[in-house]
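Going by my numbering, the sequence shown wraps up at 107, each residue one higher than the last. C-beta: ideal position from N, C-alpha, C; glycine also.
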Amino acid sequence: MVATLAPATAAEPIVGNWKTASGETAVIAPCGPDFCVTLKTGAHAGMQIGRMNGGGESYKGEITDPAADKTYAGSGEIKGDALVMKGCVLAIFCKSQTWSRL
Numbered sequence: 006m007v008a009t010l011a012p013a014t015a016a017e018p019i020v021g022n023w024k025t026a027s028g029e030t031a032v033i034a035p036c037g038p039d040f041c042v043t044l045k046t047g048a049h050a051g052m053q054i055g056r057m058n059g060g061g062e063s064y065k066g067e068i069t070d071p072a073a074d075k076t077y078a079g080s081g082e083i084k085g086d087a088l089v090m091k092g093c094v095l096a097i098f099c100k101s102q103t104w105s106r107l
């Protein structure tokens, strides 16, 4: 008996587990046409803190600071095993964090 396997679809580079700048673990997974960012550990474990769309190395969407309960226009850029997350207010007041792949 010979089984035929369909080729596996490569996951987007953003998909996976990431260590945030504050030391928590976030998981980024497909959710519909987008990618959802959900905290796995820490005081806000289980909370969805972002929704991004895009592909390759560049993603855009929204990101929430759970400690401040504020949502910002966000972007993510893959640089090797790092994810540079950026949140902005009015596209001019921005803060960045670098997350590392686990």
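As the crow flies, the alpha-carbon of Lys100 is around 26 Å from that of Pro38.
Met90 has Gly81 and Gln102 as its beta-bridge partners, per DSSP. Linking Met52 to Val89 through their CA atoms gives a straight-line distance of about 20 Å.
One alpha carbon belongs to Lys45, the other to Trp23, and they sit about 10 Å apart.
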